[in-house]
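S.K.: Sequence order for the protein chains is A and B. Take the first sequence: its position 149, counting from 1, is numbered 149 in full-length UniProt numbering, and each next residue is one higher. Take the second sequence: its position 327, counting from 1, is numbered 327 in full-length UniProt numbering, and each next residue is one higher. Note that CB positions come from ideal geometry on N, CA and C, so glycine has one too. If you scroll down you'll find the structure; I have some questions about it.
There are 2 protein chains.
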Amino acid sequence: MHLTHLECTACGLHHEARRLLNLCLRCGKPLFAKYDLARAAQTMTPEALRTRRADMWRYREVLPVERDENIVSLGEGWTPLVHARRLGAKLGMGELYIKDESLNPTQSFKARGMSTAVSMAMELGAQRLAVPSAGNAAGALAAYAARAGFEAFIFMPQDTPRANVIECVEMGARVTLVEGLITDCAAEIARRKEQEGWFEVSTLKEPYRVEGKKTMGYELAEQFDWQLPDAIIYPTGGGTGLIGMWKAFDEMEAMGLIDGKRPRMIVVQAAGCAPIVRAFEQGEDHAAEFPNAATIASGLRVPRAIGDFLILSAVRSSGGTAIAVTDEEMTDAVREIGATEGIFAAPEGAACLPALRKLLDRGVISKDERVVIFNTGAGVKYLECFAR
Amino acid sequence: MHLTHLECTACGLHHEARRLLNLCLRCGKPLFAKYDLARAAQTMTPEALRTRRADMWRYREVLPVERDENIVSLGEGWTPLVHARRLGAKLGMGELYIKDESLNPTQSFKARGMSTAVSMAMELGAQRLAVPSAGNAAGALAAYAARAGFEAFIFMPQDTPRANVIECVEMGARVTLVEGLITDCAAEIARRKEQEGWFEVSTLKEPYRVEGKKTMGYELAEQFDWQLPDAIIYPTGGGTGLIGMWKAFDEMEAMGLIDGKRPRMIVVQAAGCAPIVRAFEQGEDHAAEFPNAATIASGLRVPRAIGDFLILSAVRSSGGTAIAVTDEEMTDAVREIGATEGIFAAPEGAACLPALRKLLDRGVISKDERVVIFNTGAGVKYLECFAR
Numbered sequence: 001m002h003l004t005h006l007e008c009t010a011c012g013l014h015h016e017a018r019r020l021l022n023l024c025l026r027c028g029k030p031l032f033a034k035y036d037l038a039r040a041a042q043t044m045t046p047e048a049l050r051t052r053r054a055d056m057w058r059y060r061e062v063l064p065v066e067r068d069e070n071i072v073s074l075g076e077g078w079t080p081l082v083h084a085r086r087l088g089a090k091l092g093m094g095e096l097y098i099k100d101e102s103l104n105p106t107q108s109f110k111a112r113g114m115s116t117a118v119s120m121a122m123e124l125g126a127q128r129l130a131v132p133s134a135g136n137a138a139g140a141l142a143a144y145a146a147r148a149g150f151e152a153f154i155f156m157p158q159d160t161p162r163a164n165v166i167e168c169v170e171m172g173a174r175v176t177l178v179e180g181l182i183t184d185c186a187a188e189i190a191r192r193k194e195q196e197g198w199f200e201v202s203t204l205k206e207p208y209r210v211e212g213k214k215t216m217g218y219e220l221a222e223q224f225d226w227q228l229p230d231a232i233i234y235p236t237g238g239g240t241g242l243i244g245m246w247k248a249f250d251e252m253e254a255m256g257l258i259d260g261k262r263p264r265m266i267v268v269q270a271a272g273c274a275p276i277v278r279a280f281e282q283g284e285d286h287a288a289e290f291p292n293a294a295t296i297a298s299g300l301r302v303p304r305a306i307g308d309f310l311i312l313s314a315v316r317s318s319g320g321t322a323i324a325v326t327d328e329e330m331t332d333a334v335r336e337i338g339a340t341e342g343i344f345a346a347p348e349g350a351a352c353l354p355a356l357r358k359l360l361d362r363g364v365i366s367k368d369e370r371v372v373i374f375n376t377g378a379g380v381k382y383l384e385c386f387a388r
Numbered sequence: 001m002h003l004t005h006l007e008c009t010a011c012g013l014h015h016e017a018r019r020l021l022n023l024c025l026r027c028g029k030p031l032f033a034k035y036d037l038a039r040a041a042q043t044m045t046p047e048a049l050r051t052r053r054a055d056m057w058r059y060r061e062v063l064p065v066e067r068d069e070n071i072v073s074l075g076e077g078w079t080p081l082v083h084a085r086r087l088g089a090k091l092g093m094g095e096l097y098i099k100d101e102s103l104n105p106t107q108s109f110k111a112r113g114m115s116t117a118v119s120m121a122m123e124l125g126a127q128r129l130a131v132p133s134a135g136n137a138a139g140a141l142a143a144y145a146a147r148a149g150f151e152a153f154i155f156m157p158q159d160t161p162r163a164n165v166i167e168c169v170e171m172g173a174r175v176t177l178v179e180g181l182i183t184d185c186a187a188e189i190a191r192r193k194e195q196e197g198w199f200e201v202s203t204l205k206e207p208y209r210v211e212g213k214k215t216m217g218y219e220l221a222e223q224f225d226w227q228l229p230d231a232i233i234y235p236t237g238g239g240t241g242l243i244g245m246w247k248a249f250d251e252m253e254a255m256g257l258i259d260g261k262r263p264r265m266i267v268v269q270a271a272g273c274a275p276i277v278r279a280f281e282q283g284e285d286h287a288a289e290f291p292n293a294a295t296i297a298s299g300l301r302v303p304r305a306i307g308d309f310l311i312l313s314a315v316r317s318s319g320g321t322a323i324a325v326t327d328e329e330m331t332d333a334v335r336e337i338g339a340t341e342g343i344f345a346a347p348e349g350a351a352c353l354p355a356l357r358k359l360l361d362r363g364v365i366s367k368d369e370r371v372v373i374f375n376t377g378a379g380v381k382y383l384e385c386f387a388r
């Protein structure tokens, strides 16, 4: 449609769009898809959107696939933005919302990114896809690869929640459990991918998963009638969701859909794996690998993220912050969110609640602000965390 | 809105709508909500629906809640109707669809019914809700009760999948595990409910869960541009989903949204618990209790259903049939659907596939027909079934 080229997020080098690429060919950093936004804006108007399909492909003009028949979809996106009145009341807030990503295919926000990545693999001719995953990305790739008729090669840490392993197997993926962390899984793929003929769809190591995830930003804007909230609290492992939303905001402003006002972007990480929090506090532009990463929130067990500089830049530009919470705070929050709002959140999503409480206490967020917390996935996939 | 009264499905006795009721006060059979459909049709037009919210409350005129502020919602309904091209091709079919109910809150179609039941409890003043459940209804009640600020008292068989038990606990419900089947759970509630002050929201034992579930019928019609499919294959435990869709079809015809053509309604049950199949084959109007009910598809382990006569009547009027499949066929089908379409189905939903194969073989369904199979829930909640 309106995709024009790929641009390196670090050195700015342009790359041809209609080619299977991973990282910048010059500097090895992530590539962003760029669009002719003026043309996209002609048809993707608030009025036109009102009658469109209830999934993320409603934003067709700013998604990278050229031909409709290459879209690999299971109904991802356009998830509920739940007004959390009872939980808000406990905190003295009238405008607290939960974006509930557990209503995606495979029960997590990872579906969005894999829908675009696998669609682009379809369009550009890759059929053997490999991914390292802390859990939910694995299930999502397994699903979209199966839907496309492709092969999925999935590498997860040995102690990934059982639900993630089983869903991959039941959807026909080839699963390898690796002793170590997601970074070790990535190393294993790097070692073998050339020989095996795999195309790697590791997040931000190919340009299109972030395009799917950015639709969370479009949806927030549209669901709030094109007024972004005051703050977004986002559980951050690889950080592609946050990076994607930040990209979406720029695109929407260029298209005239929103003004220049931005939410404060607030990163939540686990105390046992908080590389971004540490880098933010130390004023670094990049985040060093976090040693001995450990947390029950498997999606936050990402000791090193290739998009670290993009996360830190968005957080700082927005006037946001980064904060860590403990595993115990997360499991307590799962129950609190569950019992007040009826959403059985993933521990990653639940992490937003103790973070919010701390930021209210510190005056970083005020009670009359409009705040969105992201429940990135379904708690039911993390039975191991709730065996008490 | 347009709710006029409740009517007994067996003896036809009218009951006042604005009153907390369970079964017919004369004959003890299920009650149906009745509407002023002529008035509803004035505003609920295909044109008007195009810009409505992407959940089941888009059908506001034919849902029972009077005041909007009583609606207890988590974004249920308006689930994807997935064109199963690859699975269809394996069967020689061009028009096979999967209605994927796993994209509901709490990952199953049970969310629909509990959303209306809890909304009506809110409107009519019940705050302590009890339910017997084979699994997914429990999680759904826990969620909607929490969202409403009500107490949920849940009775499940001891060997219900762990995911169902944990989700209820994490959402603050009071869970009792009962040695026996769902019928034993119901008996326990019947024994205690008066003393405890519980309102029972057992399916079809209160009039409103079926109202939520009927929206599956409205959605099918709207998603197919107001042309119903040739056949619907539906995994049937209590049968409220099928009964609800059948009710929806009548309402839609009365409103002029569809013509008189109906899909053949096809019941699928487990070989280890097939009371409806047995009654259908024996030409009975009611289904006797199925002895020693046993199946891994916990939602199909319903040895006796209060709506049996309604299920059998819909199946027969539609020219449909009833068929049983084995547990092994179900688990094989989970993997086949997963690997071809990327949907990790519940065993209940997967049961539709072997049923479809048999009906194609027997010529009951022909390959050029448009057929919808219902995936009623997410496979990820049934980890016990996939431990191989």
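Helix, strand or coil for C27(A), going by three-state DSSP, please let me know.
M.R.: coil
S.K.: Which of the three DSSP states is assigned to D100(A) in this structure?
M.R.: Strand at D100(A).
S.K.: Could you tell me whether the stretch 188-206 of chain B touches the stretch 343-360 of chain B, using the rule of 3 or more Cβ pairs below 8 Å?
M.R.: no
S.K.: For Q158(A), is the classification buried or exposed, using 16 other Cβ atoms within 10 angstroms of its Cβ as the cut-off for buried?
M.R.: Per the 10 Å Cβ criterion, exposed.
S.K.: Could you name the residues of chain A that P105(B) contacts, counting a contact when the two beta carbons are closer than 7 Å?
M.R.: L103
S.K.: Determine, using beta-carbon pairs with one atom in the stretch 275-289 of chain A and one in the stretch 303-315 of chain A, whether at least three such pairs fall under 8 Å.
M.R.: In short, these stretches touch, since the Cβ pair count reaches three.
S.K.: Can you tell me the Cα-Cα spacing of P132(B) and H286(A), whole angstroms?
M.R.: 54 Å
S.K.: Quick check on DSSP: helix, strand or coil for P46(B)?
M.R.: helix
S.K.: For K29(A), would you say it is in contact with chain B, using Cβ-to-Cβ distances shorter than 8 Å as the test?
M.R.: no
S.K.: Which chain A residues sit within Cβ distance under 9 Å of G75(B)?
M.R.: T79, P80, L81, V82, D100, L103
S.K.: If you count every other CB in all the chains shown that lies within 10 Å of the CB of K261(B), and 16 or more means buried, which is it?
M.R.: exposed
S.K.: Closer than 8 Å by C-beta to V371(B): which residues in its own chain qualify, once you throw out the five before and the five after it? Chain order, please.
M.R.: So the list reads M93, E95, L96, Y97, P229, D230, A231, I232, I233, L356, I365, once near-sequence residues are dropped.
S.K.: Could you round the C-beta distance between M216(B) and W246(B) to whole angstroms and report it? I think they count as a contact, below 8 Å.
M.R.: At roughly 11 Å, the Cβ-Cβ gap does not stay under 8 Å, so M216(B) and W246(B) are not in contact.
S.K.: With a threshold of 16 other CB atoms inside 10 Å of the CB of C168(B), please say whether the residue is buried or exposed.
M.R.: The residue is buried, with at least 16 neighbouring Cβ atoms inside 10 Å.
S.K.: Would you please state the rounded distance, in angstroms, between the beta carbons of L353(B) and E336(B)? I believe it to be under 8 Å.
M.R.: 6 Å
S.K.: For V82(B), which of helix, strand or coil comes out of DSSP?
M.R.: Three-state result, V82(B): strand.
S.K.: Taking 8 Å as the threshold, find out whether the stretch 105-113 of chain A comes into contact with the stretch 177-185 of chain A through three or more Cβ pairs.
M.R.: no
S.K.: Return the bridge partner residues of A377(B) from the DSSP annotation.
M.R.: Reading off the sequence, residue 377(B) comes out as Gly, not Ala. According to DSSP, which records beta bridges pairwise, G377(B) is partnered with S108(B).
S.K.: Secondary structure at Y382(A), three-state DSSP: helix, strand or coil?
M.R.: coil
S.K.: With DSSP as the reference, label P347(A) as helix, strand or coil.
M.R.: Three-state DSSP puts P347(A) in a helix.
S.K.: Would N367(A) be called buried (16 or more neighbouring beta carbons within 10 Å of its own) or exposed?
M.R.: According to the sequence displayed, residue 367(A) carries Lys and not Asn. Exposed: under 16 other Cβ atoms inside 10 Å.
S.K.: Measuring straight from C-alpha to C-alpha, what distance separates L124(A) and K29(A)?
M.R.: L124(A) and K29(A): Cα-Cα distance of roughly 21 Å.
S.K.: Mind the definition here: the stretch 249-257 of chain B touches the stretch 40-54 of chain B only if three or more C-beta pairs lie below 8 Å; say whether that holds.
M.R.: yes
S.K.: For R26(B) and A378(B), I'd like the C-alpha separation in whole angstroms.
M.R.: Rounded to the nearest angstrom, the two C-alpha atoms are 39 Å apart.
S.K.: If I measure Cβ to Cβ from C385(B) and keep anything under 7 Å in the same chain, skipping five residues before and after, which residues do I get?
M.R.: So the qualifying residues of the chain are I296, T331, P347.
S.K.: Can you tell me the Cα-Cα spacing of G244(B) and A148(B), whole angstroms?
M.R.: 24 Å
S.K.: Go through the stretch 139-223 of chain B residue by residue and report every complete run of the alpha helix (DSSP H) that reaches 4 residues or more, in order.
M.R.: The qualifying runs are 162-170, 182-196, 209-213, 215-223.
S.K.: In the DSSP output, what is A231(B) paired with across the bridge?
M.R.: DSSP output for A231(B) lists R264(B), V371(B) as bridge partner(s).
S.K.: If the cut is a Cβ gap below 8 Å, which residues of chain A does I189(B) touch?
M.R.: Those do not exist, as I189(B) stays about 21 Å from chain A at its closest Cβ, beyond 8 Å.
S.K.: Does the separation of the CB atoms of G135(B) and G338(B) fall below 8 Å?
M.R.: no
S.K.: I'd like to know whether the C-beta of Y218(A) is nearer than 8 Å to at least one C-beta of chain B.
M.R.: no
S.K.: If we call anything under 8 Å between Cβ atoms a contact, is L87(A) one with I166(B)?
M.R.: no
S.K.: So what does DSSP say about R128(B), is it helix, strand or coil?
M.R.: strand
S.K.: Is the Cβ-Cβ distance between A271(A) and T236(A) less than 8 Å?
M.R.: no
S.K.: Should F14(A) go down as buried or exposed, given a rule of 16 or more other Cβ atoms within 10 Å for buried?
M.R.: Note that residue 14(A) is His in the sequence shown, not Phe. So H14(A) counts as exposed.
S.K.: Output, in chain order, the set of chain C residues within a Cβ distance shorter than 9 Å of Y208(B).
M.R.: The displayed structure is made up of protein chains A and B, and chain C is not among them.
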